[in-house]
Each structure stands twice: as C-alpha cells, then as structure tokens.
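K.L.:
Residue numbers (the numbering used here): 1 to 264.
Ideal Cβ placement from N, Cα and C applies to all residues, glycine included.
Because the structure is a prediction, the values reported are computed rather than measured.
The structure is given below, and queries will be raised subsequently.
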C-alpha cells in the first residue's frame, strides 16, 4: 500500500465508508489554488452559484474541468491519490470520473445539503471513492459524513441544491433525505490542514457546514472508480451529464473519456 496510509485506513474505509488521509495533496496545494482561481475566473458549462439573491456570501461550484485546467489534471495524474484510492477500494485499477471544485467565501452561512453522490451519477459499483481536500485550514466549514451510510439498502433522493426540487421527480426508488442531526446518526467530521483529504464512498450521506469564518474555504475533489464500477441508467439526466457518451448499462466507463490513472 502507499506509505500515506496503513491497513487501519483501509479497514476503516471498508467498514465506515469514510476515512481521513493526511497530506494526500500536500505537494499540490499551491498549484490547486491557482487552478481554482482559473476555474472561478473562467467557469465551465456546469458552474453554479448556489445562493439566492437574499443569501449572504458566495457558494461556487464547478466540475469536469481537468482537461482544460492543467493543475487539476496534474493533481489527478501525478499525486498519490489514484494509488491511495486503489488501496482503499481494494482495486487493481483506478479510473478518473471527474474533478469538482467547491468554494464558500467568508460569511456564507448556507450549508451544503445532505446527499449521496451515487444517485446523481451514472455509475454503480462498490469500488468507488471521492477525495474532498481543503485548500485552506478547515475548522468550522467542514465536510460531514454519516458513518456506514454506504451500506444503506436504499439510496437517498437526489435534489437540486438551489431550487431544492427533486432531481428525478417521477421516481419512487429513493428514500427521503434524512436529517442526521435530528435522527441521531453518527456523523464524522475533521479539522483539516490544506492538502489533507477525506476519502468517502459515493454512497456515503454527506453535507458541509456553512462558512461563518473570516477566511475562504476552497475545496478540490476527485471522483475515482475501481475495478467493478459500471455504467448504469438513471430515471433522468445525470449530473454530470456527459452527453453523447454512447455507453450501455453494465459497460465499464470508456477510458478515452475517463482516463485510467493507476494499474497495480
């Protein structure tokens, strides 16, 4: 396994669906900050501002920019992330799904809603991992994950963050979005330094606090896939949509669109 992790990291990830990896992107923090600045100055087609006009602060997010922002591609292909992901997943390979940037400016009180990533995606599999890495010290504006929720028998209904509408309004295959604080679920969150990373399964229920601090909270994420990940149809357009991909259910994701980053 990679020197950044131990067998305990792997066991924790397999059991809880979430684990902290210290220093995963430590050597890429400055470059990723530059990449985020470029991304915010030149947003991609999926960029979103996730606040209403009467809400204070700024909550920016964008994804699928690795092939036009060199710092993101470099972090995906040259950092230890792919090998560490393969270790955590118990996979022989690691494939890139997409990158994701989330920025909460100071005074942004709005939290990131509770959700699972998997229902938004056209991917199914047990070997999945997302890395969420802050580019600023994180104390209050932390990512929050519900331990063990990747094992739940039903997926949580995906919603649109700004309009708060159902993502698949005609589907009855999903459970309502729970409130982990009210329902007493075991929530994991960490104080983190720039370049640390929370690794979590695509089916982990997670959200994030608002940023009431005086400093920005910039976060860079990578969504990665292992050996058993396959294309799956959803009840409507997915996020990201990747129009024109041409894949069929059960097919491994095409590696000309989703590069193979690591093979053991």
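According to the Cβ coordinates, are residue 204 and residue 116 closer than 8 Å?
P.N.:
Yes, these two residues count as a Cβ contact at 8 Å.
K.L.:
Helix, strand or coil for residue 39 per DSSP?
P.N.:
Looking at residue 39 - three-state DSSP - the assignment turns out to be helix.
K.L.:
When the Cα of residue 191 is compared with those of 71, 132, 181 and 173, which residue comes out closest?
P.N.:
Per the Cα distances, 132.
K.L.:
Exposed or buried, residue 44, counting other C-beta atoms within 10 Å across all chains shown (16 or more means buried)?
P.N.:
With fewer than 16 Cβ atoms within 10 Å of its Cβ, residue 44 is classed as exposed.
K.L.:
Give a yes or no on contact between the segment 209-229 and the segment 89-107, applying the rule of three or more CB pairs nearer than 8 Å.
P.N.:
Flag = yes, the segment 209-229 and the segment 89-107 touch.
K.L.:
Helix, strand or coil: how does DSSP classify residue 180 here?
P.N.:
Residue 180 falls in the helix class under three-state DSSP.
K.L.:
Going residue by residue through the segment 95-119, where are the continuous beta strand (DSSP E) segments of at least 3 residues, counting only ones entirely within it?
P.N.:
DSSP runs (the beta strand (DSSP E)) wholly in the segment 95-119: 112-115.
K.L.:
Would you mind reading off the limits of the alpha helix (DSSP H) that contains residue 89?
P.N.:
Taken as a continuous stretch (DSSP letters only), the alpha helix (DSSP H) holding residue 89 covers 81-89.
K.L.:
Kindly identify the DSSP beta-bridge partner or partners of residue 134.
P.N.:
DSSP output for residue 134 lists 219 as bridge partner(s).
K.L.:
Give me the Cα-Cα distance between residue 249 and residue 124, rounded to the nearest whole angstrom.
P.N.:
Those two C-alpha atoms are separated by around 10 Å.
K.L.:
Confirm, please, whether the CB-CB distance from residue 18 to residue 114 is below 8 Å.
P.N.:
For residue 114 and residue 18, no; Cβs fall outside 8 Å.
K.L.:
How would you call residue 163, buried or exposed, if buried means at least 16 neighbouring beta carbons within 10 angstroms?
P.N.:
Exposed, since its Cβ has fewer than 16 Cβ neighbours within 10 Å.
K.L.:
Since residue 141 and residue 213 should fall inside the 8 Å C-beta cutoff, what is the C-beta to C-beta distance between them, to a whole number of angstroms?
P.N.:
So it is a contact: roughly 6 Å between Cβ atoms.
K.L.:
Tell me where the beta strand (DSSP E) around residue 267 begins and ends.
P.N.:
For residue 267 there is no data in the structure shown, the boundaries of the chain being 1 and 264.
K.L.:
What does a CB cutoff of less than 6 Å around residue 171 pick up in its chain, not counting 5 residues either side in sequence?
P.N.:
These residues qualify, in order along the chain: 235.
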